[in-house]
Structures are given as structure tokens and as C-alpha cells.
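Q: Structure incoming, see below.
Protein chains: 2
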Amino acid sequence: MARMGPDERRNAIVGAALEVMVERGIAATTVRHVADRMGTSSGLIHHYFASMDELLADAFERAASQDLNVTREAMSRNHTAVDKLRTFFATYARAEQDWAFQLWLDAWAEASRRPQLRATSQRLNIAWQRLLAETISAGVVSGQMSCADPDAAAWRILSLLDGLALQAVAHRGSIDRSAVVTWSVRHAETELGLADGTLDGSKSDAAGHPLGSPCNRSSRPPGTPAPPSRAHRLPS
Amino acid sequence: MARMGPDERRNAIVGAALEVMVERGIAATTVRHVADRMGTSSGLIHHYFASMDELLADAFERAASQDLNVTREAMSRNHTAVDKLRTFFATYARAEQDWAFQLWLDAWAEASRRPQLRATSQRLNIAWQRLLAETISAGVVSGQMSCADPDAAAWRILSLLDGLALQAVAHRGSIDRSAVVTWSVRHAETELGLADGTLDGSKSDAAGHPLGSPCNRSSRPPGTPAPPSRAHRLPS
DNA sequence: GGGGTTGTTGGACATCTGCGCAATAGCCTC
DNA sequence: GAGGCTATTGCGCAGATGTCCAACAACCCC
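Going line by line, the protein sequences match chains X and C. If you're matching positions, the first sequence starts at 1 in my numbering and goes up one per residue. If you're matching positions, the second sequence starts at 1001 in my numbering and goes up one per residue.
Right under this line is the structure:
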């Protein structure tokens, strides 16, 4: 209906697609659902996106890169590698927000059959790993931590986090949710030669950024005005 | 065409479904594909399975429980907990066979929207964890290894394995395939207070079962006569 | 061999899929 | 206000989807 400029419209489409993807899953998201969500025709979507794969990849990128940027920015406010790592675990969203991590699950599964989505999810996964690896490297240089292979350690820390979150999200009840982060933190401490408790979230002595809760990023699915409405669509 | 008894036919359907699931992914498997694969009509499938969810769950169960049983059986041929663990890593298939692990990826992603599939994948995931946990417990009792919480350690070891395999399968090239098992083994050794190299696969001193390669289970997708054909359908 | 049981067929049903295209409607410039 | 640019429509296309059901055919028992 409302006539928009190309950038604005593209943005609106990506936003609507993201909402649908959160509700129905990446695999079940269709052009018509996205169009209905925006209140426009389905032809419009194909005017801006050459294929469904491209749209899904762009929408996933928005959700995932936003999470990454929030964490990256929060970490940049810390000065020492240990503080940065503590912030990393404190702001790590995937493990805490089902809708965001379910998106990752969908992306990993779909990756083998949607080239553009795979490229995006791989790029972002590597970005997460590099963020960790660079922090670890800095910590080694500064002498705060010890690690023979920061690159490998980063993959292990991230993979344990993902593997545990996977169980918590896909199989509710198998693993206590708090254990996902607790265990990952403990593993990181061991891996990096840090004393037990060094990376625990409670002692957030970093700069005075107002992190009320451990989850500081967009705590609701995109476009969802209030949490209750999501409970309808995604009954736990 | 050929008239079969109920058990035989149900079995044939599950087998055909599994082939299609491996080729096209769980989400893209349809009744007609399965029927075509068997050379029968599509109506026949619904005569034996009330819904698609039920069929997918049964087929996934066959693939996953077979892998579990092979590993369990191989481990039972060892006498010490350390030997059992070594066999566990040596026969762990998910990390090595893309088609099997891709099935797990699909199942985890689909779990939130297919109740029966979720129940099955959760049950089997827990079975894997218990297999590990019980072995660790036995090792602690025998004094071979030390571990304050075998149950939690089992989840961590399994999750790191899954998290690493996830990257190797979904994002080919991110992680060296051999690192998936190597890193997991090292982590398990640290977690259980074992000396480095204790769980390495090369020193397979167990009973004389003919394990030519580290992968001892069904090394090809179900129903696939030769590996080359899979390369066509699942280009790496 | 006849009759009943039951595995199997093949298509109907309504709905959905990604994609493309002519026609339309809104906005900006002159 | 006229003209042109372009965002947007609305439907068509060819095919796929899960589910259901009356009809058919193969088998076994009597």
C-alpha cells in the first residue's frame, strides 16, 4: 500500500521475513506469508529479491549480525581480555533466547540446501569465533591467560556453547538452562588457565553500562510488541 | 505392487523414507517421494502411518538407534572404562558421516514443530548421553578416571562433539574434520583426569573385532548402492 | 473353486509453492 | 496541471502438498 523507497522497502521486507521465520521456522517461510505480514502483494517481494534463498539469507543476517554487534560493542567497553570474555558470556544471547537460537538451528540444517543462507551463516559463525579468538590472543599477549592455540580454543568454546544450547532449545528439559552458560564458562576457564570463577558473570566490574540482566540484547522476536503474543505462537 | 505383510511393508516404508530424508532433508521429504521410491502409490503410506510426523520420527529412529546400537555393542566388547571410551570416540559416526549428522541437524531444527520427531530425537540424544555417563561412572568407581559429576561431564563431552561436528558438516571448511574428534578426545581426557593420549584411537587394544577404519558402521546412506551416487545428490 | 479378508491402487480434493508479468497507481519534476 | 518514472498490484502459471476414499486385486481358508 504505502509507497516506499527501495531501501526502506527492502528493509521492511527483511523485517517481515524475519518475523515469519521466527514464527514458522526458516524452512516453512514462504513468499506469501511475508507479503501478508507486510500487507502487500507477493509479487513485490520478488521485485526486490531474486529468490527465496536470498531473502532468507538477508533476514537471517540481520538477526544474527545484530546479536554479534551488540556483544562486540559490549566487549569493546572492557579493557582487559578477562573482562571482555566475562562480558561475552554475559551477553551471549543464543543460549538464552529460544527464538534466536532456533533460527541458528534452522540455518545450520538448511545450509546444505540453500547456498546463500549457508554462506551467511558460515560467515557469521566465523565472525563469532574470531571475536573470541582475538580476545584470547590479546589475553595471552598480556599474560592474563595462557593458550597454545587461541584459534582452536575459540572454536571449542563456541562449539560447546552451541552444543549445549542446542539441547536446551531443541529438547526442552534435557539440560538445565543455566548450566549451558555455567558449564561453558568453566570450560573456558580451564582451557585458558584461569582460576575457577574468574569468568563468572556476577562480578561485572566493567564500565558502567546498564546491563540489568545477563541478556542485554533484543530480548523479543523482531516485530513482536510484547512477550505474551509470542507465547501464543511458540508454546513452550 | 508386491503384496507384503503389515510388518514387512511398514519396514519397507520406513526404509524408503529414510533414503528420501537423507537425499532431500527431513523438511523436504514428502509422501509422494517415499511412495515413488518404493514404487507404490502414495495412499499406501497413509494406510500405515497416521501422519507425516509419525513416519519421519520412525525413520529417524531407525537410522539413529542403529548407530547407537553399533557403538554400544562395540563398547561392550571392551572391559575397562578407558577402553570403552576409546571405542566410543573411534566408532562415533555422526562426526564422520555427513549424511547421518545432517539428519541430526534436520531433526534438531524440526523438533520444535514436529512433536513425535522431537520425542524421538530427545530420547536418542539422552540415550547417547547415558551411555557416556554410565561408562564414566564405572571408570570413576574403578579408579581409572576422576569426575565429580559424570552426568554433567557426559553432556559436555557429547555437546562439544556435536557442536564441532555441526560446524564441520554445515559449514564445510570452517573446521578440519579430524579436529572434531581430536579436540573432543582431548577435552574428555582433561575432564576425566586422564593423561594426554589415553583416549587416542590408534592404540585400539580391544578385542579382535575387525575395525578397518575408525568408522565401523553403515558407511553409506541407506539404500545407496555406491558412494558416487551420493556425491551427485549432495555435492560437497 | 467360491468367498471373505486385506494389502494396494490411483486419483480427487483443496490448498499451497516460487516465480513472472502485464497493468495500475502513486509520487516527483517540470 | 501534464508527463514520466517506478513502486506496487493481482493474477496466472505449472507444479507440489497432505489427506482421504471408493474401487481393485491378491491371497488364504473353507
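Using N, Cα and C, we set each Cβ at its ideal position, and we do this for glycine too.
Pull up the distance between the alpha-carbon of Ser1213/C and that of Trp1183/C, whole angstroms please.
A: Its pLDDT being 33, under 50, Ser1213/C is placed unreliably by the model, and the measurement read from it follows with that caveat. Computed Cα separation, rounded: 19 angstroms.
Q: For Thr1190/C, which residues in chain X fall below 8 angstroms Cβ to Cβ?
A: Here the neighbours are Thr190.
Q: Anything in chain X within Cβ reach of Val1156/C, meaning under 8 angstroms, just list it in chain order.
A: Per the sequence presented here, residue 1156/C reads as Arg, with Val not at that position. Correct list: Leu160, Leu164, Trp183 and His187.
Q: Rounded to the nearest angstrom, what separates Ala133/X and Val140/X at their Cα positions?
A: So the alpha carbons of these two residues sit roughly 10 angstroms apart.
Q: Is it buried or exposed for Asn1125/C, if we count other Cβ within 10 angstroms and need 16 for buried?
A: Asn1125/C should be labelled buried.
Q: Buried or exposed: where does Ala1002/C fall if 16 or more other Cβ atoms within 10 Å of its Cβ makes it buried?
A: It counts as exposed.
Q: So, does the stretch 74 to 82 of chain X touch the stretch 36 to 48 of chain X, judging by three or more C-beta pairs under 8 angstroms?
A: In short, these stretches do not touch, since the Cβ pair count stays below three.
Q: If we require 4 or more residues per run, which alpha helix (DSSP H) segments fall completely within the stretch 69 to 121 of chain X?
A: As far as the stretch 69 to 121 of chain X is concerned, its whole alpha helix (DSSP H) runs of at least 4 residues are 81 to 91 and 98 to 110.
Q: Rounded to a whole number of angstroms, what is the C-alpha to C-alpha distance between Arg186/X and Asp58/X?
A: Arg186/X and Asp58/X: Cα-Cα distance of roughly 35 angstroms.
Q: Kindly indicate if chain X contains any beta-carbon less than 8 angstroms away from that of Leu1105/C.
A: Taking Cβ atoms only, chain X reaches closer than 8 angstroms to Leu1105/C, which makes this a yes.
Q: Rank Ser1137/C, Thr1120/C and Trp1128/C by C-alpha distance to the C-alpha of Val1240/C and give the top, closest one.
A: Residue 1240/C is absent from the model: chain C starts at 1001 and stops at 1236.
Q: Assign Ser146/X to buried or exposed, taking buried as 16 or more other Cβ atoms, counted over all protein chains shown, within 10 Å of its Cβ.
A: Looking at its Cβ environment, which holds fewer than 16 other Cβ atoms inside 10 Å, Ser146/X is exposed.
Q: Cα separation between Arg114/X and Ser121/X?
A: If I take the Cα positions, the gap works out to 11 angstroms.
Q: Are the stretch 1143 to 1159 of chain C and the stretch 97 to 104 of chain X touching by the rule of at least three beta carbon pairs closer than 8 angstroms?
A: The stretch 1143 to 1159 of chain C vs the stretch 97 to 104 of chain X: no contact.
Q: Can you name the residues of chain X whose CB is closer than 7 angstroms to the CB of Arg1113/C?
A: Ordered by position in chain X, the residues that pass the 7 angstroms Cβ test against Arg1113/C are Gly25.
Q: According to DSSP, simplified to helix, strand and coil, what is Phe1238/C?
A: In this structure chain C extends from 1001 to 1236, so residue 1238/C is not present and cannot be described.
Q: From this set, Ala1111/C, Arg1086/C and Arg1177/C, which residue's C-alpha is nearest Thr1308/C's C-alpha?
A: Chain C is shown from 1001 up to 1236; residue 1308/C falls before or after that span and cannot be answered.
Q: Can you pull the chain X residues whose beta carbon is under 7 angstroms from the beta carbon of Ala1063/C, in chain order?
A: Chain X residues near Ala1063/C: none, gap ~15 angstroms exceeds 7 angstroms.
Q: Of all the options Leu105/X, Val20/X and Arg10/X, which has the alpha carbon lying nearest to the alpha carbon of Arg118/X?
A: Selected option, being the one with the closest Cα: Leu105/X.
Q: Please classify Leu150/X: is it buried, with 16 or more other beta-carbons within 10 angstroms of its beta-carbon, or exposed?
A: This sequence places Pro at residue 150/X; Leu is not what is there. Result: buried.
Q: Could you check whether the Cβ of Arg118/X sits closer than 8 angstroms to any Cβ belonging to chain C?
A: So yes, Arg118/X belongs to the interface.
Q: Is there a Cβ from chain C that is less than 8 angstroms from the Cβ of Glu8/X?
A: Cβ-Cβ to chain C under 8 angstroms: no for Glu8/X.
Q: Please say whether Leu1055/C and Ala1017/C have beta carbons closer to each other than 8 angstroms?
A: Yes, the Cβ-Cβ distance between Ala1017/C and Leu1055/C is below 8 angstroms.
Q: Could you confirm whether any beta carbon from chain X is found closer than 8 angstroms to the beta carbon of His1232/C?
A: Note that His1232/C scores a pLDDT of 27, beneath 50, so its modelled location is shaky; the value from the coordinates is reported in the next line. No, because no Cβ of chain X sits closer than 8 angstroms to the Cβ of His1232/C.
Q: According to the Cβ coordinates, are Ile45/X and Ala107/X closer than 8 angstroms?
A: Taking 8 angstroms as the Cβ cut-off, Ile45/X and Ala107/X do not qualify as a contacting pair.
Q: If you measure between the beta carbons of Ser1112/C and Gln102/X, is that distance less than 8 angstroms?
A: It is a contact, given that the beta carbons lie within the stated cut-off.
Q: When you check each C-beta in the stretch 1130 to 1154 of chain C against every C-beta of chain X, which residues fall closer than 8 angstroms?
A: Residues Ala1152.
Q: Using the beta-carbon of each residue, which ones in chain X are nearer than 7 angstroms to Ser1051/C?
A: In chain order: nothing, as chain X lies at least about 16 angstroms away.
Q: Starting from the beta carbon of Ser174/X, find every residue of chain C whose beta carbon is closer than 9 angstroms, and list them in chain order.
A: Residues of chain C passing the Cβ test: Gln1122, Asn1125, Ile1126, Gln1129 and Trp1155.
Q: To the nearest angstrom, how far is it from the Cα of Pro1210/C to the Cα of Thr1091/C?
A: Interpretation of Pro1210/C is limited by its pLDDT of 39, a score under 50 that renders its predicted location unreliable; the figure taken from the coordinates is listed afterwards. Their backbone Cα atoms lie some 12 angstroms apart in a straight line.
Q: Let's see if you can read the secondary structure: which residues bound the alpha helix (DSSP H) around Gln144/X?
A: Unbroken run through Gln144/X: none, as it is neither H nor E.
Q: How about Gly173/X and Asp1162/C: are their beta carbons less than 8 angstroms apart?
A: No, the Cβ-Cβ distance between Gly173/X and Asp1162/C is not below 8 angstroms.
Q: Do Met1052/C and Val1031/C have their C-beta atoms closer together than 8 angstroms?
A: Taking 8 angstroms as the Cβ cut-off, Met1052/C and Val1031/C qualify as a contacting pair.
Q: At the level of alpha carbons, what is the spacing between Gly1043/C and His1033/C?
A: Cα to Cα, Gly1043/C sits roughly 12 angstroms from His1033/C.
Q: Report all residues from its chain with a CB closer than 7 angstroms to the CB of Gln144/X; omit the five preceding and five following residues, and keep chain order.
A: So the list reads Thr80, Ala81 and Val82, once near-sequence residues are dropped.
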